[in-house]
Every structure is written in structure tokens, then in C-alpha cells.
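Everything on this sheet refers to the single structure shown next.
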Amino acid sequence: MFHDADALLLARIQFGFTVSFHFIFPAFSIGLASYLAVLEALWLKTGKALYLDIYKYWLKIFAVVFAMGVVSGIVMAYQFGSNWAVFSDRAGPVIGPLMAYEVLTAFFLEAGFLGVMLFGMKKVGKRLHFFATLMVAVGTMISAFWILSVNSWMQTPAGYAINAEGQFVPAAGWLPIIFNPSFPYRLAHTVIAAYLTTALAVGAVGAWHLLKDFKQDHARKMFSMAMWMAALVAPVQVFVGDQHGLNTLEHQPAKVMAMEGHYQSHPHGAPLILFGVPDDEAQRMAHAVEIPRLGSLILKHDLDAPLAGLDTIAPENRPAVEVVFWSFRVMVGIGLLMFALGAWSLLARFAGKLYEWRWMKRFAVLMGPSGFIAVIAGWITTEVGRQPFTIYGLMRTAESASPLAAPAVGASLVAFVIVYFTVFGMGSWYLLKLMSRAPQPHEPEPANVPGHAAGITPASALAAGAGESRHG
Amino acid sequence: MADTTVLTLVWAAILAFAVFMYVIMDGFDLGIGVLFPIFGVGKERDTAMNSIAPVWDGNETWLVLGGGGLLAAFPLAYSVIMSALYAPLIAMLLALVFRGVAFEFRWRDPGHRAFWDIAFTGGSFIAAFMQGIMLGALLQGVHVAGRAYGGGWWDWLTPFSLLTGAGVVAGYSLLGACWLNWKTEGETQAHARRLMRILAPVTLVAILAVSAATPFLGNEYFQRWFSMPRVLFTAQVPLVICILTWRFIRSLRRNYELAPFVLTLAVFGLSFVGLGISMFPYLVPNSITLQMAAAPASSQAFMLVGSAVLIPLILAYTAWSYYVFRGKVAHEGYH
Chain A
128 MFHDADALLL ARIQFGFTVS FHFIFPAFSI GLASYLAVLE ALWLKTGKAL
178 YLDIYKYWLK IFAVVFAMGV VSGIVMAYQF GSNWAVFSDR AGPVIGPLMA
228 YEVLTAFFLE AGFLGVMLFG MKKVGKRLHF FATLMVAVGT MISAFWILSV
278 NSWMQTPAGY AINAEGQFVP AAGWLPIIFN PSFPYRLAHT VIAAYLTTAL
328 AVGAVGAWHL LKDFKQDHAR KMFSMAMWMA ALVAPVQVFV GDQHGLNTLE
378 HQPAKVMAME GHYQSHPHGA PLILFGVPDD EAQRMAHAVE IPRLGSLILK
428 HDLDAPLAGL DTIAPENRPA VEVVFWSFRV MVGIGLLMFA LGAWSLLARF
478 AGKLYEWRWM KRFAVLMGPS GFIAVIAGWI TTEVGRQPFT IYGLMRTAES
528 ASPLAAPAVG ASLVAFVIVY FTVFGMGSWY LLKLMSRAPQ PHEPEPANVP
578 GHAAGITPAS ALAAGAGESR HG
Chain B
20 MADTTVLTLV WAAILAFAVF MYVIMDGFDL GIGVLFPIFG VGKERDTAMN
70 SIAPVWDGNE TWLVLGGGGL LAAFPLAYSV IMSALYAPLI AMLLALVFRG
120 VAFEFRWRDP GHRAFWDIAF TGGSFIAAFM QGIMLGALLQ GVHVAGRAYG
170 GGWWDWLTPF SLLTGAGVVA GYSLLGACWL NWKTEGETQA HARRLMRILA
220 PVTLVAILAV SAATPFLGNE YFQRWFSMPR VLFTAQVPLV ICILTWRFIR
270 SLRRNYELAP FVLTLAVFGL SFVGLGISMF PYLVPNSITL QMAAAPASSQ
320 AFMLVGSAVL IPLILAYTAW SYYVFRGKVA HEGYH
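Those protein sequences? They're chains A and B, same order as listed. Residue numbers for the first sequence follow the working numbering, beginning at 128 and rising by one. Residue numbers for the second sequence follow the working numbering, beginning at 20 and rising by one.
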């Protein structure tokens with residue numbers, strides 16, 4: 128039962144499924160919280176109602192996203208124990224305290240100030256309300272800090288010893304554990320990804336409303352802000368991503384081999400495989416379209432540098448190239464498209480046509496969900512690329528799982544799939560509904576939410592933003 | 020087996036505090052969820068929902084601290100307990116998904132409000148019931164093999180665990196009704212008072228039944244309660260519960276608003292102390308003690324430094340958040 132292959136596979140699918148779903152929401156709420164803080168700061172500074180309108184518009188969306196992030200996150204906090212008991216027992220002394228710090232420094236901060244942020248505008252005054260928004264935004268960042276430290280430690284474990292019970296324990300202090308080798312790169316790459324994801328979603332909503340009415344002030348403002356973000360941050364992300372890749376090459380070479388599709392070693396300069404059909408069974412790349420030597424240039428900054436392939440890795444330690452190769456290309460491809468959108472918007476901006484060029488706006492609408500796809504693809508790349516280990520090089524996934532029978536895991540997986548698709552499917556529908564209405568100047572009280580004038584429920588607190596309930 | 024170190028004891032106390040905070044804070048808002056269908060559609064339901072909308076998220080965070088803290092301070096117990104309670108745990112998590120999003124979704128989609136009200140109630144009920152079942156399943160003991168859970172995946176389901184499940188549902192509902200008695204007025208408050216008169220005796224009977232059954236589960240519970248001289252101390256627990264019950268009845272008669280809530284919290288507190296008496300020094304009855312499950316001192320010490328500063332801070336801003344939303348809530352919001 129302990130080494131039940133079916134139960135293991137089901138547990139892996141369950142974890143991958145629940146974490147992928149969960150990750151979508153924080154990726155959005157990290158960016159949105161910061162965006163909201165910026166909007167409220169601009170409103171306080173300039174006194175322009177425009178910023179407040181946009182703030183309230185996105186606050187409603189934030190509330191829905193945040194609720195979904197919270198409930199899917201609680202699942203994660205317990206799934207380590209329910210499905211990965213052996214891992215939890217052995218890694219708990221190292222990763223547990225980091226996760227506990229996430230709860231103490233981030234979750235409580237977010238939850239404690241969220242109520243005031245959503246419902247307290249009239250109760251606490253502008254400045255205190257801004258402080259609440261700021262605390263929520265800071266909370267999302269602190270949360271990212273700790274959880275990515277945990278993930279990075281599993282990727283590049285450092286600062287540990289192993290005790291008599293086989294547990295990983297801190298060897299000498301916590302700094303080497305927290306600031307393990309891949310952490311700074313992963314943190315920067317992920318937080319920027321969250322910002323870009325949000326910028327593209329905001330930009331798409333702006334573009335959508337500009338396509339209908341290019342004079343809409345609110346849509347103009349959010350579109351302009353989002354396009355600045357895309358134009359300035361997408362290039363930064365390309366650079367940070369490259370640095371992260373070099374760090375991975377240093378610490379997890381097998382993952383990079385899988386990303387690049389390098390089954391074979393190249394002693395005299397490796398090609399960059401643009402596309403191909405990886406075949407893990409035969410350990411070769413079929414129909415490869417490649418540029419000679421470019422792989423070595425990118426990874427080693429030298430055309431002739433030798434690059435090892437998966438043939439140097441023991442077969443039982445190789446990750447699934449068939450997954451990682453594709454997910455990596457999806458992420459990079461989308462990243463390049465974001466870069467292109469940013470550049471296009473700059474061009475339009477300097478031509479004085481930012482709000483007019485229809486094809487650019489259509490492209491921006493199309494790119495709305497791209498950030499979410501990119502973060503999931505990136506996540507799959509890094510997580511599947513770590514396989515077959517949970518703690519890289521030290522603890523195998525196969526020995527990490529709980530001693531559960533396959534039917535138990537199978538049943539829970541089915542339940543998760545049904546519930547998540549129902550609940551988060553409907554949640555996404557509500558988000559789209561909220562986004563499909565343009566923010567209004569001086570938005571009136573909601574018309575068809577009876578008896579919520581003074582603002583305690585989301586619908587009413589955001590009364591000003593909820594005028595759209597009449598339009599829908 | 021080594022004695023329990025001070026650090027481990029401190030962590031046991033911190034986690035007990037976190038779980039207790041969770042039980043009372045999410046207790047009242049899960050209870051409101053359970054009672055939701057009894058309230059009239061429209062004003063009454065909106066009022067009930069409004070009274071917890073700004074705080075439920077913070078309340079639920081204590082659950083995450085309970086889980087995360089257990090993983091950090093007692094990783095062995097975390098891994099054994101979570102796999103032993105697999106089915107009720109997953110059911111609880113999924114139920115919390117439904118009731119958590121219902122807070123937002125019922126306002127977003129008036130056309131499906133009835134559906135989200137059912138999700139809110141169903142989710143709250145199942146979450147409360149499963150928490151009770153997990154408590155019972157843990158108390159009756161789980162089969163441990165080596166450093167892992169060694170039982171089947173239906174072991175948790177027994178008459179005793181169903182009893183504790185029902186008890187927790189009743190207790191949470193009582194807390195919810197007391198909260199509404201405090202936070203609302205007029206019709207909703209009168210309704211809450213009627214519910215309190217029914218729920219208080221039901222909760223008391225449940226506490227009595229669980230207390231009566233526990234010593235006979237084995238696991239040395241009998242000795243922990245009734246051996247001399249322990250009994251001199253342990254007997255105080257039911258005694259104080261009797262006194263609190265008397266005060267509760269009096270506060271109901273006099274239509275006090277806050278007192279019944281506080282008294283119910285105190286009863287929960289004493290039940291919690293009772294649990295502690297039954298379990299200590301074990302985390303998993305008869306198999307894993309606090310010290311066996313404890314993370315190394317370096318892990319516990321690292322967290323303690325932060326917790327000593329952060330938990331008081333958290334309590335402070337949580338209190339502030341409750342203070343901001345103080346006073347009576349009506350269907351149209353706080354005044």
C-alpha cells in the first residue's frame with residue numbers, strides 16, 4: 128500500500144490540480160493589491176475622483192479573487208499532511224516554520240485589514256483606509272516571500288542536516304535556509320510575473336471598453352497605466368527570467384536540459400532547439416528545428432561551450448521532457464508576446480494614438496488571460512522539472528506520499544475537480560461579468576441589491592462601483 | 020521517553036490557543052451559516068451575513084495557523100493526524116470552499132442567490148460536522164505504524180465521532196445565535212433568542228454525552244480524570260460548567276445581549292480544558308506524545324521569537340478590526 132503507484136500518481140495529480148488552481152488567484156491578487164494601493168495613493172494625492180472610481184471598480188474584482196484565493200489556499204495548508212505525510216514529517220522542521228511565518232506575518236495581516244479595506248471606507252476615514260489597503264498589499268508580498276522561500280528550498284535545499292529520525296533539520300541558523308540559492312531569482316521572477324499578469328488583465332479590460340468607446344476616461348486611464356507596466360516590466364522580466372535560468376543551470380542542470388530538450392550532450396557547442404517533438408521513451412528529439420550553437424551562447428555566453436545532456440543523468444533521475452519542454456515554450460512564447468504588446472503600445476503612445484489603434488487594442492484584449500497561462504506554464508516547468516524529487520536530489524516524490532489507498536485519493540481527486548470547476552468556474556464568470564461593465568464616473572448606489580445602502584456587504588460597500596448592476 | 024521540554028510545552032500552548040481561537044471565532048460564523056435557512060429570505064439573512072462579512076476571513080486564518088503551526092512545531096503529529104482524518108478533512112476543506120466564496124458570490128449573482136445560500140449553509144454545516152468528527156476520531160485514537168498512519172480510510176467513522184460531530188454543530192449554532200443576539204436588534208434578535216433557548220440545552224446535552232463517553236474510550240482517559248488526586252482538579256471543570264449554565268439561563272431570562280455570548284465562549288473554553296486533561300501529554304492518544312512529535316528545538320525557538328511579537332500584534336489589529344465594525348448591524352449595514 129505504501130508504494131502504491133496508483134495512489135502516488137493520483138496524489139500527484141491532486142496536488143498539481145489544486146496548486147495550479149490556487150496559484151491563479153494569488154498571481155492576480157498580488158498584482159491587484161499593489162495596483163489598488165497605487166490607485167488609492169494617487170486619489171489621495173491628486174484628489175481626482177477618477178482614481179477612486181477605478182479603485183472601487185477593481186476592489187470588487189479583488190474581493191472575489193481574494194475569496195477564491197483564501198479558500199483554495201486553506202486546502203493547500205492541509206494537503207501537505209493529508210497527501211504528503213512522509214514529506215511533512217521529514218521536511219516539517221525546516222519548511223514548517225517558514226510556512227508558520229507566512230501565516231503570522233502575511234495571512235493575518237491581509238485578513239485583518241481586508242474587512243476594513245472592503246467595507247470600512249466610511250468608517251475609518253481616507254488615510255486609515257489607505258493604510259488598510261497598503262497592509263493588504265504588503266501582506267500579499269510577504270506571503271509570496273515565505274512561500275517562495277519554501278518552494279525554493281525544495282528546489283535548492285541548503286543549510287540543513289539530517290537527524291536520527293531521518294528529518295531535515297536546520298544545521299546552522301535560518302538565513303541559509305530562507306535565502307537558499309534559487310530563492311532571490313524565483314522571488315523576483317514570480318512577483319514580476321504577478322505584476323505582469325495583473326497589468327495584462329487590467330489592460331485587456333481597458334482595451335475592451337476602449338474598443339466600444341475610445342473616449343471613456345476610466346478605460347483610458349487603466350489602459351494607459353497597464354501598458355506602461357507591460358512596456359517597462361516585460362523587458363525586465365525577460366532579463367530576470369534569463370538570470371533565473373542560469374541559476375537553475377547551476378543548481379538543477381537536469382531541469383534545464385529538459386527545458387531545452389537536450390537529451391544528448393554537446394561537447395562542441397549546443398544548438399537551441401526551437402521546436403521538436405520530445406520522445407522520453409527513446410530519449411531523443413524528433414523533428415527538431417534548431418539553431419546551431421545558440422543554446423551554448425544563451426546558457427554559457429560562449430558559442431563553443433560544451434553542454435551536457437540528459438544522457439549524463441541517471442535514467443531514474445530524469446524529469447519528463449515531454450512536459451517541461453512544452454510548458455517552458457508556452458511560458459517563453461507568451462513572455463515574448465507581452466514584450467511585443469509593450470513595444471507596440473510605446474509606439475502607439477509616441478504616435479499619440481494609444482487609445483485609437485484598434486488592432487493593438489484587440490491584441491491587448493487577446494492577451495488578457497495570457498499572464499495566467501504563463502504563470503501556470505512556468506510553475507509546471509519548475510515543478511515537473513524538479514521531478515522525480517520533492518526535495519531536489521535528496522527525497523524522492525515516490526517516498527514522500529501518505530500511506531493512503533488509491534480509492535481514497537481517487538475519490539478526493541474527483542471531488543476536488545468537480546468542486547473547483549463548479550465554484551471557480553462560476554467565480555470566473557462573475558469576474559468576467561464585473562469586468563464587462565465599464566467603470567462609471569460618480570457611480571450611483573446599486574439599484575437591485577435591496578437594503579444595502581450604507582455599505583457592509585461587498586455589493587454595497589462598493590456601492591459607488593456597483594452602479595453596473597443596473598446595466599447588467 | 021524524554022520529558023516534555025518547556026519549549027514544546029509552550030508550543031503546545033500556542034497551538035491550543037490557535038485552535039481555540041479558531042473554534043470560537045469561526046465557530047460563531049459557521050454557526051450562523053448552519054442557522055441560515057431558519058432565517059427569513061431577504062432582510063434577516065442579509066443582516067446575519069452582514070454581521071460576519073468583515074471578519075470571517077480573519078477568523079478562518081486561525082485554522083491555517085493551526086495547520087501550519089502543527090506542521091512546524093509537531094511535524095510527526097501533523098502528518099499522522101492529517102492522513103488518519105483524510106476523508107473528513109477533505110470534506111471539511113471542500114465545504115469551506117463553498118461557504119467562503121458564498122460571501123462574495125451571493126451578492127454578485129442575485130439570480131443564483133438561493134443556490135449560494137444553500138452552498139453557504141451546506142458548507143457551514145459540513146465543515147462544522149466534520150470538525151466535530153475529526154475531534155472524535157482523534158479522541159478515540161488512531162492506529163499508528165512506525166512514523167505513519169497505519170489504519171484504514173474509514174476508521175474515523177464511529178458512533179462516538181458522529182456524536183462529537185453533532186455536538187460541534189450544536190455548539191457552533193449556539194455561538195452563532197448568541198452572536199446575532201449581540202449584534203442585531205428587532206426581529207432578527209428575537210429570532211436569535213428563540214433559537215438560543217433551543218440550542219443551549221442541546222449543546223449542554225451534547226457536552227454531557229461526550230464527557231460521559233470519553234472516559235470509556237480507553238486510552239487512559241479514565242485515570243486522567245478520576246485518579247486521586249487529579250480528580251480534585253478535574254472535577255472543577257464540570258463544576259464551573261454548571262455555574263456557567265446557571266448564569267446563562269439567568270442572562271437569557273433578563274434578555275442580556277453580550278453575556279450569553281461570553282458565557283458560551285467560557286463553556287467552550289472549559290470544554291477545551293477538558294480535552295486538554297484527556298489528551299495530555301499525548302497529541303495522538305496512546306501513540307504519539309508532544310515530545311515525540313516535537314520539531315527540534317532550533318525550529319521551535321526560531322518560530323517562538325516571531326510568535327512572541329506577532330501574535331500579540333495580530334490580536335491587537337484583529338481587535339481593532341472588530342472595533343471598527345462595532346455596534347448593531349442592520350440589514351442595510353452598521354450604524
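Backbone N, C-alpha and C define an ideal beta-carbon position, used for all residues, glycine too. The structure displayed is predicted, hence computed values, not measured ones.
Approximately 7 Å separates the beta-carbon atoms of A:A328 and A:G498; this is inside 8 Å, confirming the contact. In terms of Cβ geometry, B:S102 and A:S527 do not form a close pair [threshold 8 Å].
When secondary structure is reduced to three states using DSSP, A:I518 falls in the strand class. In terms of Cα proximity to A:A346, the closest of A:A331, A:F402, A:F366 and A:S276 is A:A331. Burial of B:Q159 is indicated by the presence of at least 16 other C-beta atoms within 10 angstroms of its C-beta. For the segment 423–446 of chain A, there are no residues whose beta carbon sits under 7 Å from a beta carbon of chain B. DSSP places A:I400 in the uninterrupted beta strand (DSSP E) bounded by L399 to D406. Excluding five sequence positions before and after B:T203, the CB atoms of its chain that fall closer than 7 Å to its own CB belong to T66, S70, A211, K347 and V348, given in chain order. Excluding the 5 residues flanking it on each side, A:E237 has same chain C-beta neighbours closer than 6 Å at V263 and G266, in chain order. The residue from B:T337, B:F344, B:R243 and B:P279 with its alpha-carbon nearest to that of B:P304 is B:R243. When C-beta distances to chain B are compared with 9 Å, the residues of the segment 211–231 of chain A below that value are W211, A212, V213, F214, S215, D216, R217, A218, G219, P220, V221, I222, G223, P224, L225, M226, A227, Y228, E229, V230 and L231, in chain order. DSSP places B:T308 within a strand segment (E or B) once states are collapsed to three. Not a single C-beta of chain A is nearer than 8 Å to the C-beta of B:S180. Contact of A:P530 with chain B by beta-carbon distance below 9 Å involves S102, A164, A167, Y168 and G169. Closer than 8 Å to the CB of A:N290 there is at least one CB belonging to chain B.
Under the Cβ criterion of 8 Å, B:F291 is not counted among the residues facing chain A. Under DSSP, A:P297 shares a beta bridge with A:Y287.
If you draw a 10 Å sphere on the C-beta of B:N200, you find 16 or more other C-beta atoms in it, and that means buried. When secondary structure is reduced to three states using DSSP, B:L302 falls in the strand class. Around the beta carbon of A:F366, fewer than 16 other beta carbons lie within 10 angstroms, which makes this residue exposed.
A:P405 is positioned such that its CB atom lies closer than 8 Å to that of A:F452. Leaving aside the five residues that flank A:V457 on each side, the residues in its chain whose CB is nearer than 8 Å to its CB run, in chain order, I500, A501 and A504. Bridge pairing for A:L434: A:H393 [DSSP]. Of all C-beta pairs linking the segment 328–344 of chain B to the segment 225–234 of chain A, three or more are shorter than 8 Å, placing the two stretches in contact. Of the candidates A:L302, A:S392, A:S472 and A:L169, A:S472 places its Cα closest to the Cα of A:A334.
Here B:Y191 really is in contact with B:A147; their C-beta atoms are around 5 Å apart, less than 8 Å. Secondary structure in the segment 405–478 of chain A: the beta strand (DSSP E) runs of 3 residues or longer, each lying completely within the stretch, are 411–418 in chain order. Residue burial is scored here from C-beta neighbours: A:A288 has fewer than 16 other C-beta atoms within 10 angstroms and is therefore classed as exposed. A contact between stretches requires three or more CB pairs, one per stretch, nearer than 8 Å, and the segment 276–293 of chain A fails this requirement with the segment 184–201 of chain A. In chain order, P315, S317, S318 and F321 make up the part of chain B whose C-beta sits under 9 Å from the C-beta of A:P297.
Here the C-alpha atom of A:Q379 lies approximately 23 Å from the C-alpha atom of A:L136. Under the Cβ distance rule, B:F122 counts among the residues neighbouring chain A, one pair being separated by less than 8 Å. For B:V163 against B:G171, the beta-carbon gap comes to about 13 Å, at or over 8 Å, which does not count as contact. Residue burial is scored here from C-beta neighbours: B:R249 has fewer than 16 other C-beta atoms within 10 angstroms and is therefore classed as exposed. Using beta-carbon distances, A:M562 does not count as an interface residue toward chain B, since no partner is under 8 Å. Sequence-distant Cβ neighbours of A:A154 in its own chain, meaning closer than 6 Å and more than five residues away, are A321, T324 and V502.
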